[in-house]
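Colleague: Structure in C-alpha cells, see below.
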Amino acid sequence: MGGGMSIALLVCGVAGAQQARVPRTPDGRPDLSGIWRSTSNRYLRDLTAGSARVVIQPGARALYTERRAANGKGRPSERCLPRGVPAMMLARDEPWKVVQTPGAVFILFRESLHYRQIFTDGRPFPDDAAPTWLGYSIGRWDGDTLVAETIGLTEETWLDDGGHPHSDALRVTERFRRSTAGMMDVDITIDDAKAYTSPWTVTVRFESVSNADLGEHLCAVASVDAGK
Amino acid sequence: MKTPKEGTPKKGLVIAIGVAVACLLASPALAQWVNVPQAGTPRTPDGKPDLTAPAPRAPDGKPDLSGIWQRPRGSQPGTGGADGIGAGIQVLFQPSGEAVYKARGDSNGKGMPSERCLPHGVTKAFSVPEPFKIVQTPGLTLILHEEFNHYRQIFTDGRRIRERRAPTAFGYSRGTWDGDTFVVDTTGFIDNAWLDFRGHPATDALHLVERYRRRDVGHLEVQFTIDDPKAYRQPWNVTMTFDLLPDTELIEHICENERDAAHLVGN
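Protein sequences, first through last, are from chains G and C.
Note that the numbering used here has the first sequence beginning at 1, numbered continuously upward.
Note that the numbering used here has the second sequence beginning at 229, numbered continuously upward.
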C-alpha cells in the first residue's frame with residue numbers, strides 16, 4: 001500500500017456509552033448507520049480463525065497452499081485492487097460508514113474511497129450478474145438482523161490476506177447485528193461448494209468509531225514519482 | 229471490465245472517450261444493465277417513466293435529487309477537446325495557473341492523477357460519460373460515481389468544517405437549500421489538481437460552489453463556480469446538464485490501471 005498516499009489520518013476513539021440503546025429508524029428497524037471498524041485484524045489474517053471445521057476442496061487447497069508458500073504475495077490489494085467481500089470489511093485500520101436508507105444500505109469505505117450498495121427494496125439478484133470485485137448484494141431484515149447476501153464476486157479476490165480462495169460459486173451471507181450502540185457483530189457465512197465441502201460461519205466484531213469524518217486512504221502503487 | 233482510458237494524449241483522449249462511450253453503447257455492456265423499476269417513478273399511461281413530470285419532493289418539501297444521472301450524449305462541454313470544461317468560456321488565468329495548464333497540454337495530459345486510479349475530483353468526475361447516483365438523505369447527500377466506484381459526501385446537517393482536516397481530492401462539502409436549488413460549498417481540496425481532462429488546474433485555494441436544480445423528473449442542471457484566486461484572476465462558471473437514467477442500476481467500474489503496476493516499481 002502506498003504509504004505516501006495516505007491522505008487523511010483517522011482520529012479514532014471508541015464511542016462512549018457502549019451500553020446505550022441501539023438507535024432505530026422510523027420504521028422500527030435497528031439503525032446501523034455510523035462509522036465502524038473491526039476490533040482486530042484476526043479475521044483479515046485468517047477468516048477461518050476459530051472455525052474448527054473448514055475443509056477445503058482439493059483444487060482450492062492447491063491454490064491456498066501456493067499462496068501460503070508465497071507468503072501471501074500477489075494478493076490483489078498489493079496492486080490497489082479491492083479486497084472484495086468480505087475482506088474489505090475486516091481491516092482494523094480501514095473503517096467504513098453505514099448509511100441506512102429505506103431501500104438500500106450503503107457502505108462507504110475509507111480505503112480507496114470505494115462503496116458498496118446492499119439493496120433492501122425487495123429486488124431479486126439480476127439474471128446476468130457478471131463477476132465484479134464487490135459483487136451484487138441484496139438485503140432483508142430478519143427481526144433485528146440485517147441479512148445481506150452477495151453473489152457475482154470475481155475469483156480474483158481473496159477471502160483474507162492469508163489467501164483463502166473462493167470460486168465463482170461463492171455466496172457470502174452477512175448477518176449484521178448491532179447488539180449495543182457501540183458494538184456490532186457480523187456473522188459471515190462462506191458458502192462455496194466448489195472451494196469448501198460445506199458452508200462455514202465466523203462472527204466478527206466491529207466497534208463504533210466516534211469520528212464525524214471518515215477521511216480517505218488512497219492507494220497508488222506507482223506513486224514513487226507521483227509527488228502529489 | 230472496461231478499458232482503462234486515462235493517460236492519453238489529446239487526440240488519444242478523444243479516442244479514449246469515444247471508446248468509453250462505445251463501451252456504454254455496446255450491447256454486451258447494455259445487457260449487464262439491470263432493469264430495476266423504481267416504485268416512486270411517475271409514469272405515463274404506457275408505463276414508461278414520465279421524464280417531464282414535476283420533480284419529486286423529499287419529506288421535508290425540498291426537491292429530491294435522488295436518482296441515477298448521466299450526461300446527455302454529445303453534450304457540451306465535452307470531457308476532452310481542446311479546452312475541456314472551459315470550452316466557450318473566458319478563463320482568465322493567473323500566470324502560474326496558465327503555466328501549469330500549458331505544461332499539461334504540452335505533455336498531452338500525462339501525469340493526471342486518474343492515470344493511477346486516484347480520484348478525478350468534483351468537476352472532472354462529473355464530466356465523464358459514466359453515470360452517477362445521488363442519494364439524498366436527511367443530513368447527508370451522497371454522490372456515488374460509477375467511474376472508479378468512488379463516492380463523495382455532502383453534509384447537510386449544518387456541521388462546521390473541522391480545522392486541520394487533511395485536504396482531499398473531493399474536498400469537504402456542505403450543502404444548503406436556496407429555495408429549490410441545492411447549493412454545495414466545497415473547500416479543503418488538494419493542491420495541483422485537475423478540473424478536467426484538459427488540465428485546467430486548481431490549487432488548495434479552490435472554493436467550489438455547485439448549484440443543483442432538478443428541472444423535472446428527467447433533468448438535472450448543475451452550475452459550477454470555480455473560485456480559485458491562486459490559479460485564476462476571476463471566478464468562472466461551467467454548467468452541465470444530466471439526464472435521468474431510470475429503472476436501472478450503476479455498473480461496478482473499478483479502475484485497474486494499477487493492476488500491472490507492481491512490477492514496474494520492482495515489487
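Note that beta-carbon positions come from the ideal geometry of N, C-alpha and C, so glycine has one too.
(1) Use the C-beta contact count for residue 298 (chain C): other C-beta atoms within 10 angstroms, 16 or more gives buried, fewer gives exposed.
(2) Please check the pair residue 229 (chain G) and residue 64 (chain G), which I expect to be a contact at CB under 8 Å, by giving their CB distance rounded to whole angstroms.
(3) Residues of the stretch 327–350 of chain C with a CB closer than 9 Å to any CB of chain G: list them in chain order, please.
(4) Starting from residue 93 (chain G), find everything on chain C with Cβ-Cβ shorter than 9 Å and list it in chain order.
(5) Comparing the CB of residue 473 (chain C) with every heavy atom of the ligand COA, is any distance shorter than 7 Å?
(6) Using a threshold of 8 Å, state whether the C-beta atoms of residue 364 (chain C) and residue 293 (chain C) are closer than that.
(7) Starting from residue 75 (chain G), trace the alpha helix (DSSP H) in both directions and tell me its first and last residue.
(8) Would you report the Cα separation of residue 59 (chain G) and residue 90 (chain G), rounded to the nearest angstrom?
(9) Below 8 Å on the Cβ atoms is my guess for residue 196 (chain G) versus residue 56 (chain G); work out the distance and round it to an integer in Å.
(10) Any idea which residues DSSP pairs residue 338 (chain C) with across the strands?
(11) Can you give me, in chain order, the residues of the stretch 350–366 of chain C that have a beta carbon less than 7 Å from any beta carbon in chain G?
(12) Compare the Cα-Cα distances from residue 99 (chain G) to each of G:66, G:171, G:86, G:30 and report the closest residue.
(13) DSSP beta-bridge partners for residue 516 (chain C)?
(14) Is it a yes or a no for the stretch 47–56 of chain G touching the stretch 154–164 of chain G, going by three-plus beta-carbon pairs under 8 Å?
(15) So the candidates are C:302, C:373, C:415; which of them puts its Cα closest to the Cα of residue 431 (chain C)?
(16) Would you kindly work out how many angstroms separate the C-alpha atoms of residue 129 (chain G) and residue 151 (chain G), rounded to a whole number?
(17) Mind checking the stretch 382–401 of chain C against chain G and listing, in chain order, the residues whose C-beta falls within less than 9 Å of any C-beta there?
(18) Looking at chain C, which residues of the stretch 194–221 of chain G have a Cβ within less than 8 Å of any of its Cβ atoms?
(19) Apply the 10 Å Cβ neighbour rule to residue 381 (chain C) and answer buried if 16 or more other Cβ atoms are within range, or exposed otherwise.
(20) Quick check for students: name the residue ranges of the beta strand (DSSP E) that lie wholly in the stretch 70–148 of chain G, counting only runs of 3 or more.
(21) Would you mind listing the beta strand (DSSP E) stretches within the stretch 153–214 of chain G that are 3+ residues and don't spill past its ends, in chain order?
(22) Please check if any C-beta of chain G sits within less than 8 Å of the C-beta of residue 313 (chain C).
(23) Can you list, in chain order, the stretches of the beta strand (DSSP E) that have 3 or more residues and sit fully within the stretch 393–449 of chain C?
Modeller: Reading off the structure:
(1) Position 70 of the second sequence, counted from the first residue, corresponds to residue 298 (chain C). Residue 298 (chain C) comes out buried.
(2) The structure shown does not extend to residue 229 (chain G), since chain G is modelled only from 1 through 228, so no value can be given for it.
(3) 339, 341, 343, 344, 345, 346, 347
(4) Sequence index remark: in the first sequence, residue 93 (chain G) carries index 93 (1-based). In chain order: nothing, as chain C lies at least about 16 Å away.
(5) Ligands displayed in this structure: none; no statement on the ligand COA is therefore possible.
(6) The residue given as residue 364 (chain C) occupies position 136 in the second sequence. The residue given as residue 293 (chain C) occupies position 65 in the second sequence. Yes, the pair counts as a contact, with Cβ atoms nearer than the cut-off.
(7) For this step, residue 75 (chain G) is matched to residue 75 along the first sequence. That residue, residue 75 (chain G), is in no alpha helix (DSSP H); it is neither H nor E in DSSP.
(8) Here residue 59 (chain G) refers to the residue found at position 59 when the first sequence is read from its first residue. Here residue 90 (chain G) refers to the residue found at position 90 when the first sequence is read from its first residue. Between residue 59 (chain G) and residue 90 (chain G), the C-alpha separation is close to 26 Å.
(9) Along the first sequence, read from residue 1 onward, the residue named residue 196 (chain G) stands at position 196. Along the first sequence, read from residue 1 onward, the residue named residue 56 (chain G) stands at position 56. 6 Å between Cβ atoms; contact.
(10) Counting from 1 along the second sequence, the entry for residue 338 (chain C) is found at position 110. Per DSSP, none; premise fails for residue 338 (chain C).
(11) 363, 365
(12) Position 99 of the first sequence, counted from the start, is the residue given in the question as residue 99 (chain G). Checking every option, the nearest Cα to that of residue 99 (chain G) belongs to G:30.
(13) The question about residue 516 (chain C) has no answer, for chain C in this structure spans 229 to 495.
(14) yes
(15) Start at 1 with the first residue of the second sequence, and residue 431 (chain C) comes out as number 203. The option with the nearest alpha carbon to residue 431 (chain C) is C:415.
(16) Here residue 129 (chain G) refers to the residue found at position 129 of the first sequence. Here residue 151 (chain G) refers to the residue found at position 151 of the first sequence. So the two alpha carbons sit approximately 8 Å from each other.
(17) 383, 387, 390, 393, 394, 395, 396, 397, 398, 400
(18) 212, 213, 214, 215, 216, 218, 219, 220, 221
(19) Sequence index remark: in the second sequence, residue 381 (chain C) carries index 153 (1-based). Residue 381 (chain C) is buried by the Cβ-count criterion.
(20) 96–100, 104–109, 115–119, 136–142
(21) 171–180, 183–191, 200–208
(22) Position 85 of the second sequence, counted from the start, is the residue given in the question as residue 313 (chain C). Cβ-Cβ to chain G under 8 Å: no for residue 313 (chain C).
(23) 400–406, 409–415, 435–444
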